[in-house]
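Residue numbers (my numbering): 402 to 915. Just so it is clear, CB atoms sit at the ideal spot from N, CA and C, and this is done for glycine as well. Since the structure is predicted, the reported quantities are computational estimates derived from the model, not experimental observations. Here's the structure we're looking at; comments come further down.
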């Protein structure tokens, strides 16, 4: 047993967990949270409130596939992780499923590693000059988050905790705003043009402009709007505990419907307003983090009440919290970050490049036909190359001495054994390795635990020996490796989601290749 693995250390708790009541179709229901997994099929009978199922049908979320089977409608859960606040007040929690053995007695384990993954994705080293690709939906959780608790709360509770941790470090900022009022006393600057237009017949009134200290700035209202989304997730006890924390925000109003429709521009303006505020560096950073998270929540929570739930009521604009993260993208980013960190810890000569796009095939006139973009490229610089500050773009061999050592493709797929790998995945990996002339090609896939080991995929090379074609293994009979120009060592690499590490001894042997 690996003692450094917090999830294995908590195995007794996870296996003995009987806290979750069983619902039809084996969904777990606790504290108004319905937990479902990838690939699960949901029907109206699986919901405590049938109207919740009808509402989900009406929204036509991309995460669900609508099917009709045996006379009833079904929603099949796709490759997403997230939270949906249902009209009844129940919360639908979507969790990933690695294999058929994922059952409801290890919901706590799944929540643990999913929350760890989301936190990990944003805990980038301060020395890195840029984030991973497509981090806008995952980059809002700070590195000051509290450690995961043994109880493994639902994702909705964890999200609320993340938000409140930032809120405690920031109070609504006040700033001076110009206000124009038509009043009976002269205060501030008289606006001559407006005075003549509105008060020519009432000389006792004055159109005045003055600067007023106010909290009604876009950043504060953006945060308040996201608080309104999160309030239904707070239990009564939590609301009383947070009363002091939330009190300064109560007088503020959220964004209007028109402002929500142009959320991106409002967010840009809010960030600009914050930048010019006379705030201390630490408070400004906390404010920026909170605004980023608030914007993300509002951007993702764009579901409106669907038709058919209550025909007597109009379909009003009623946005609600709905966070859906593509699991393929999330796992790809997480594994990329972890593996790149592993290489960089082994040696400073390894440099990682995320999703570098390059032209692979040209036509006879030199026009690009096909491009390739591996998930992760590892470039090994020469011993005498001290240039470690180049940007995350394709390496120019004219300016840098070295070579691509590893090309890595990452898949959110369950592989019960090496024979389950698809031919298209191998073709893709082989093409990547050939294009970059990399010594090794890795296909990384997720596993639970450290039992699965890396598997070397031995290529067969077919040569024409006159009339007969012989089948020669990539390992030549005398023990020497083939010098074939397109040959690379291909590996299936298991990535343990419980530890966030690849299994096996390959990382330890990287030093031997330097």
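To the nearest angstrom, report how far apart residue i and residue j are at their CA atoms.
| i | j | result |
| --- | --- | --- |
| residue 891 | residue 803 | 20 angstroms |
| residue 562 | residue 591 | 49 angstroms |
| residue 738 | residue 829 | 21 angstroms |
| residue 528 | residue 653 | Any reading at residue 528 must be qualified, since the residue scores a pLDDT of 35, below 50, and its modelled position is unreliable; the value itself is stated next. If I take the Cα positions, the gap works out to 38 angstroms. |
| residue 440 | residue 696 | 30 angstroms |
| residue 627 | residue 774 | 36 angstroms |
| residue 771 | residue 827 | 18 angstroms |
| residue 606 | residue 464 | 59 angstroms |
| residue 490 | residue 760 | 50 angstroms |
| residue 436 | residue 608 | 59 angstroms |
| residue 806 | residue 839 | 5 angstroms |
| residue 510 | residue 812 | 21 angstroms |
| residue 783 | residue 823 | 35 angstroms |
| residue 665 | residue 472 | 43 angstroms |
| residue 512 | residue 728 | 14 angstroms |
| residue 514 | residue 559 | 12 angstroms |
| residue 663 | residue 470 | 40 angstroms |
| residue 678 | residue 669 | 15 angstroms |
| residue 468 | residue 433 | 26 angstroms |
| residue 750 | residue 507 | 40 angstroms |
| residue 846 | residue 731 | 13 angstroms |
| residue 430 | residue 443 | In this prediction, residue 430 scores a pLDDT of 43, lower than 50, which makes its location untrustworthy; the coordinate-derived value is nonetheless stated afterwards. About 14 angstroms. |
| residue 459 | residue 682 | 46 angstroms |
| residue 519 | residue 837 | 31 angstroms |
| residue 478 | residue 906 | 36 angstroms |
| residue 583 | residue 593 | 12 angstroms |
| residue 604 | residue 579 | 23 angstroms |
| residue 700 | residue 694 | 10 angstroms |
| residue 746 | residue 660 | 46 angstroms |
| residue 766 | residue 555 | 56 angstroms |
| residue 820 | residue 744 | 28 angstroms |
In this structure, what does DSSP give as the bridge partners for residue i?
| i | result |
| --- | --- |
| residue 607 | 584 |
| residue 759 | 773 |
| residue 368 | Nothing about residue 368 can be reported from this structure: the residues present for the chain run from 402 to 915 only. |
| residue 671 | According to DSSP, residue 671 bridges with nothing at all. |
| residue 478 | 465 |
| residue 805 | 780 |
| residue 661 | Answer by DSSP bridge pairing: none, since residue 661 is not bridged. |
| residue 727 | 481 |
| residue 858 | 891 |
| residue 470 | 473 |
| residue 454 | DSSP lists no partner for residue 454. |
| residue 692 | Per DSSP, none; premise fails for residue 692. |
| residue 753 | 779 |
| residue 592 | Its beta-bridge partners do not exist; DSSP assigns none. |
Can you list, in chain order, the residues of its chain whose CB lies under 6 angstroms from that of residue i, leaving out five sequence neighbours each side?
| i | result |
| --- | --- |
| residue 567 | 690 and 691 |
| residue 752 | 780 |
| residue 842 | 808, 830, 834, 889 and 891 |
| residue 483 | 495, 724, 725 and 726 |
| residue 595 | 608 |
| residue 581 | 610 |
| residue 895 | 848, 853 and 904 |
| residue 733 | 776 and 811 |
| residue 858 | 891 |
| residue 450 | 489 |
Just checking my contact of residue i with residue j at CB under 8 angstroms: how many whole Å lie between their CB atoms?
| i | j | result |
| --- | --- | --- |
| residue 893 | residue 855 | 6 angstroms |
| residue 486 | residue 643 | In fact, because the Cβ distance is near 18 angstroms, the residues do not count as touching under 8 angstroms. |
| residue 452 | residue 492 | With 8 angstroms as the limit, residue 452 and residue 492 do not qualify as a contact, their Cβ atoms being about 15 angstroms apart. |
| residue 571 | residue 671 | The pair is not a contact, with the Cβ atoms about 13 angstroms apart (cut-off 8 angstroms). |
| residue 454 | residue 448 | 5 angstroms |
| residue 726 | residue 481 | 6 angstroms |
| residue 698 | residue 667 | The pair is not a contact, with the Cβ atoms about 14 angstroms apart (cut-off 8 angstroms). |
| residue 646 | residue 565 | 7 angstroms |
| residue 810 | residue 844 | 5 angstroms |
Spatial neighbours of residue i within its chain, please: C-beta separation below 8 angstroms, excluding the five flanking residues on both sides.
| i | result |
| --- | --- |
| residue 521 | 735, 738, 739 and 901 |
| residue 500 | 815, 817 and 849 |
| residue 741 | 753, 755, 777 and 779 |
| residue 680 | 574 and 688 |
| residue 762 | 769, 770 and 771 |
| residue 684 | 570 and 571 |
Can you give me the Cβ contacts of residue i inside the same chain, cut-off strictly under 7 angstroms, excluding the 5 residues immediately before and after it?
| i | result |
| --- | --- |
| residue 498 | 438, 439 and 440 |
| residue 655 | 622, 625, 626 and 629 |
| residue 457 | 465 and 476 |
| residue 573 | 616, 621, 649, 650 and 653 |
| residue 553 | 509, 512 and 513 |
| residue 585 | 605 and 606 |
* Asked: Below 8 angstroms, can you find three or more Cβ-Cβ pairs linking the stretch 600-607 to the stretch 625-632?
  -> no
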